[in-house]
Amino acid sequence: MSFPAMRPRRLRSTGPIRELVAETRLSPGQLVYPLFVCPGEGVKKEISAMPGNYHWSVDTLVEEVRAVKALGIGGVMLFGVPGKKDDLGSGAWDDGGIVQRALGALKREVPGIVLIGDVCLCEYTTHGHCGVVSGGEIANDETLELLARTALSQVRAGADMVAPSDMMDGRVGAIRSALDAHGFQSAPIMSYAVKYASGYYGPFREAAGSAPAFGDRRSHQMDPANAREALREIDLDIEEGADIIMVKPAGPCLDILRMARDRCPLPLAAYQVSGEYSALVAAGRMGWLDLPRTMMESLIGIRRAGADIILTYFAKEAAEVLA
Ligand code: PBG
Ligand code: ZN
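According to my numbering, the sequence shown is numbered sequentially starting from 1390.
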């Protein structure tokens, strides 16, 4: 059948009809809000490259997460902005570290929202790299034990889930064994399985103070030119025990999300990263784009491409639109 019998416009003619036939839905429970926690008290300091995002101290963070939970948002992901750093990044696995203290407080004060710890060393190392630096290179195998310690320490402190973002080979397996060996068989791992070396992380590096002091992250993060390699990364992480697979960044990788959705049975997460957020916010402020509208369009596009879960700095605004 074809025109004039078929007229696709019929199902677009009113809002209620469009709502009835919408193929993709977005709800606040599918969103995860990334947050930055720092030492001190009463701190709420705006991150200049990410307007509307802040460094929070533990006390103000607790209040913020209460509000996030009240909006129906599914989870929060914590990044640490520590008071001091060292060569190995020992603040990452310090049981009294900033993320660990935040996790403990949130577990007590705001039960019922999923608490996710980002597992990496770059926020805690003086050189800003994601692993142990040895002879100017990032040493893969030496880093694994430190990541495993970090994950274990976060779960002990109250994390419901850990999310390794470092891109070392073998880290999911190393973290799984460490958690299992200490009685945390039930703590899931959301693996940043497919993480590209992306310019869109720029604002985050200001937010987390984690820009590498020399070199870049291309020796461990993926080349944006590659798609088949993403499938290998996903297969390896599933074999090592990943429970959720993440693709990052989201908007520039919609093809990868679709491919992953078609090939991988696990829940799929997409991280709409700092640069994706800041670019839209900036264009909105210039009056060049309608921010609420493009924000929602970017999120529904990520869902339509195949993501079940979206990590996004728009989580609160989007949840308000959806309320
Ligand atoms: C740290 C980490 C990064 C992001 C999440 N975890 C930065 C990086 O790899 O350089 C990026 C998040 C964002 O840009 O919003 N390993
Ligand atoms: Zn890192």
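Glycine is no exception: its CB is placed at the ideal position from the N, C-alpha and C atoms.
For Y1666, does the three-state DSSP call read helix, strand or coil?
Y1666: helix per DSSP, three-state reduction.
Judging by CA-CA distance, which residue of V1522, V1465, T1515 is the nearest neighbour of L1495?
Here the closest residue by C-alpha is V1465.
Going along the chain, which unbroken runs of the alpha helix (DSSP H) with 4 or more residues stay wholly within the region 1519-1569?
List check, alpha helix (DSSP H) in window: 1529-1546.
Near the ligand ZN, which residues have their beta-carbon less than 6 Å from any of its heavy atoms, given in chain order?
Listed by chain position, these are C1509, C1511, C1519, S1554, D1555.
Smallest Cα separation from G1695: which of R1682, F1603, I1436, A1659?
When each option's Cα is compared against that of G1695, the closest is A1659.
Pick helix, strand or coil for L1495, following the three-state DSSP scheme.
Helix at L1495.
I'd like to check one pair, A1528 with G1520: are the Cβ atoms closer than 9 Å?
Against a cut-off of 9 Å, the Cβ pair of A1528 and G1520 comes out as a contact.
Which one of G1506, I1645, M1557, V1447 has the shortest CA to CA distance from E1526?
Nearest option by C-alpha distance: M1557.
With C-beta atoms as the reference, is A1481 less than 9 Å away from L1510?
A contact, by the Cβ cut-off of 9 Å.
Report the residue ranges of all alpha helix (DSSP H) runs contained in full by the region 1601-1644; include only those spanning at least 4 residues, in chain order.
Those alpha helix (DSSP H) runs which fall completely within the region 1601-1644 and span 4+ residues are 1617-1629.
The alpha helix (DSSP H) that contains D1448, what's its start and end?
Where D1448 is concerned, the enclosing alpha helix (DSSP H) stretches over 1447-1459.
Any heavy atom of the ligand PBG closer than 8 Å to the Cβ of D1626?
The answer is no for D1626.
According to DSSP, is V1410 part of a helix, a strand, or is it coil?
In the structure shown, V1410 sits in a helix (DSSP, three-state: H, G or I).
Under 8 Å from any heavy atom of the ligand PBG, does the C-beta of F1703 make it?
Every heavy atom of the ligand PBG is 8 Å or more from the Cβ of F1703, so no.
Any idea if Q1610 is buried or exposed, counting beta-carbon neighbours within 10 angstroms, 16 or more meaning buried?
Classification for Q1610: buried.
Less than 8 Å between C-beta atoms, sequence neighbours within five positions excluded: which residues of the same chain meet that for A1438?
Once the five neighbours on either side are set aside, the close Cβ partners of A1438 are G1591, P1592, E1595, A1596, S1663, S1667.
On the premise that G1486 lies in contact with G1469, defined as a C-beta separation below 8 Å, what is that separation, rounded to the nearest angstrom?
G1469 to G1486, Cβ: 7 Å. Contact.
Could you name the residues that DSSP lists as bridge partners for M1579?
Bridge partners of M1579: I1633.
Any chance the region 1609-1628 sits against the region 1679-1694, with 3 or more Cβ pairs inside 8 Å?
The region 1609-1628, when compared against the region 1679-1694, does not touch it at the 8 Å Cβ threshold.
For L1420 and D1484, I'd like the C-alpha separation in whole angstroms.
Their Cα atoms are separated by approximately 28 Å.
Where do the N-terminal and C-terminal ends of the alpha helix (DSSP H) with E1595 fall, by residue?
That run of the alpha helix (DSSP H) goes 1591-1597.
Cα-Cα, which of I1436, I1564, P1553 is closest to E1534?
Among I1436, I1564, P1553, the Cα nearest to that of E1534 belongs to I1564.
Report the option in G1472, K1474, D1549, S1580 whose CA atom is closest to the CA atom of P1500.
Answer by Cα proximity: D1549.
Ends of the alpha helix (DSSP H) at A1708?
Its alpha helix (DSSP H) spans residues 1704-1711.
Measuring CB atoms only, is the region 1405-1418 touching the region 1569-1577, in the sense that at least three cross pairs come out at less than 8 Å?
Contact fails: fewer than three Cβ-Cβ distances are below 8 Å.
Of the choices P1638, I1623, A1672, whose alpha-carbon is the least far from that of C1653?
The residue with the shortest Cα to Cα distance from C1653 is I1623.
For a quick check, are the C-beta atoms of G1547 and I1502 less than 9 Å apart?
No, they are not a contact pair.
Any heavy atom of the ligand PBG within a distance shorter than 8 Å of the CB on G1480?
No, since every heavy atom of the ligand PBG falls outside the 8 Å radius drawn around the Cβ of G1480.
Rank V1561, G1559, H1571 by C-alpha distance to the C-alpha of V1544 and give the top, closest one.
Answer by Cα proximity: H1571.
Within 10 Å of its beta-carbon, does P1397 have 16 or more other beta-carbons around it, so buried, or fewer, so exposed?
Flag for P1397 reads exposed.
Ignore the nearest five residues each way along the sequence and tell me which others in A1600's own chain have a CB closer than 6 Å to its CB.
Hits under 6 Å: G1517, R1594.
Between which two residues does the alpha helix (DSSP H) holding E1686 run?
Note, E1686: alpha helix (DSSP H), 1680-1694.
Label L1415 either buried or exposed according to how many other C-beta atoms from any shown protein chain fall within 10 Å of its C-beta, with 16 as the threshold for buried.
By the 10 Å Cβ count, L1415 comes out buried.
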